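Colleague: Residue numbers (the UniProt record's numbering): 1 to 345.
Just so it is clear, CB atoms sit at the ideal spot from N, CA and C, and this is done for glycine as well.
Being a predicted model, the structure only gives us computed values, none of them experimental.
I'd like to ask you about the structure that follows.
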């Protein structure tokens, strides 16, 4: 998910033309030619684009904020184009930065997968999952390994949904949607239940849907905005009431933007349960939408599970039961829970 540049001025928008470099408030034409950027610099760009914050990116990369800023500035100079707009509350990707992000994410995933397969110990359990599921999966895998240091679990994230066990070196995967392959074991973890979420500071209490959303920025995890449209229809409203919107390519980026206070996003109750419990996010409306989709733990059919896979399976099933219970605690009464028959997403 990537935010497209929309900087309001006298005519309501500003566009950076191909080859322009935005630096210190000025647009500088031209492109600096040279060798390809280093892999470390490209990785820094991807992390910054995912976090939309230099400080958070520096923490993930274990380098200083100044080093991150210098790497991004150097990359922009090398490419001859601005990749981010610097604002008081954080960063926004330009259109060219957004276009660069998705292919670089896919390339980084391929490199990580290749190296994981090459370096993995024979008894390492390799698990693939979409980036949005890491919010739910990673803390639980860490808890499992803390209690069972004898097992080694390597997680690989992907911006795509799906796995091909015949060509990808994974032992299991957490997927959005039940796989069509009948030769895979699919264990249901939890359903997708969606509702708008935002930071507490962004919302005034007891606001009606139309009034509450009219002056807010809606954060879309899809380009067509179908998640918001479906939720509004379920809540008895037609059309998008907000004039401002930011569109992303993944749910995880939309959630990151919401946590940083950039707007209101559609969130999955299970995937953001920790943020809701901690009060970093609130769900201001009573209406929830059960999309018809769900998350599954999948792995190839086999006569006997390895000890590590069996342990992971039992642990995630237990944790999923707890998440479903917390989901029910958060959800409103049945009259405010709308279901869509089948997966329409």
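Short check: CB of residue 197 to CB of residue 105, under 9 Å?
Modeller: No. Outside cutoff.
Colleague: With DSSP as the reference, identify every bridge partner of residue 47, one or two as the case may be.
Modeller: Paired residues: none, contrary to the question.
Colleague: In angstroms with no decimal places, state the Cα-to-Cα distance between residue 199 and residue 316.
Modeller: Between residue 199 and residue 316, the C-alpha separation is close to 29 Å.
Colleague: Going by DSSP in three states, residue 10 sits in which element: helix, strand or coil?
Modeller: Per-residue confidence for residue 10 stands at a pLDDT of 40, beneath the threshold of 50, marking its modelled position as unreliable; the derived number appears in the next sentence. In the structure shown, residue 10 sits in coil (DSSP, three-state: anything other than H, G, I, E or B).
Colleague: What are the boundary residues of the alpha helix (DSSP H) that includes residue 79?
Modeller: Where residue 79 is concerned, the enclosing alpha helix (DSSP H) stretches over 65–79.
Colleague: Would you kindly report the start and end of the unbroken beta strand (DSSP E) that includes residue 413?
Modeller: Any property of residue 413 remains undetermined from this structure, which presents the chain solely from 1 to 345.
Colleague: Taking C-beta to C-beta, are residue 387 and residue 61 nearer than 9 Å?
Modeller: An answer regarding residue 387 cannot be provided, because it is not within the stretch 1 to 345 covered by the chain.
Colleague: Grouping DSSP H, G and I as helix and E and B as strand, with all else coil, what is residue 132?
Modeller: Note: residue 132 maps to helix in three-state DSSP.
Colleague: Return helix, strand or coil for residue 322, following the three-state DSSP convention.
Modeller: Helix at residue 322.
Colleague: For residue 213, which three-state DSSP category applies?
Modeller: Helix at residue 213.
Colleague: What are the boundary residues of the beta strand (DSSP E) that residue 247 is part of?
Modeller: Note, residue 247: beta strand (DSSP E), 244–247.
Colleague: Nearest CA to the CA of residue 135: which residue from 168, 286, 276?
Modeller: For the residues 168, 286, 276, the minimum Cα distance to residue 135 belongs to 276.
Colleague: So what does residue 155 bridge to, in DSSP terms?
Modeller: The partner list for residue 155 (beta bridge, DSSP) reads 127.
Colleague: Excluding the five sequence neighbours on either side, which residues of its own chain have a C-beta within less than 8 Å of the C-beta of residue 56, listed in chain order?
Modeller: Cβ within range, chain order: n/a, list empty.
Colleague: Looking at the strands, I want to know which residues DSSP matches up with residue 198.
Modeller: In the DSSP output, where bridge partners are listed per residue, residue 198 has 282.
Colleague: Sort out for me which residues DSSP pairs residue 239 with in a bridge.
Modeller: BP columns for residue 239 are empty, so no partner.
Colleague: Assuming contact is defined by CB atoms lying nearer than 9 Å, are residue 192 and residue 295 in contact in what I supplied?
Modeller: Yes, the pair counts as a contact, with Cβ atoms nearer than the cut-off.
Colleague: Which whole-angstrom value is the C-beta distance of residue 49 and residue 151, which I expect to be below 8 Å?
Modeller: So it is not a contact: roughly 33 Å between Cβ atoms.
Colleague: Quick one: grab the DSSP three-state call for residue 188.
Modeller: In the structure shown, residue 188 sits in a strand (DSSP, three-state: E or B).
Colleague: Relative to the alpha-carbon of residue 114, which residue among 289, 157, 65 has its alpha-carbon at the smallest distance?
Modeller: Comparing Cα-Cα distances from residue 114 to each of 289, 157, 65, the minimum goes to 157.
Colleague: Span of the alpha helix (DSSP H) holding residue 91?
Modeller: That residue, residue 91, is in no alpha helix (DSSP H); its beta strand (DSSP E) goes 90–93.
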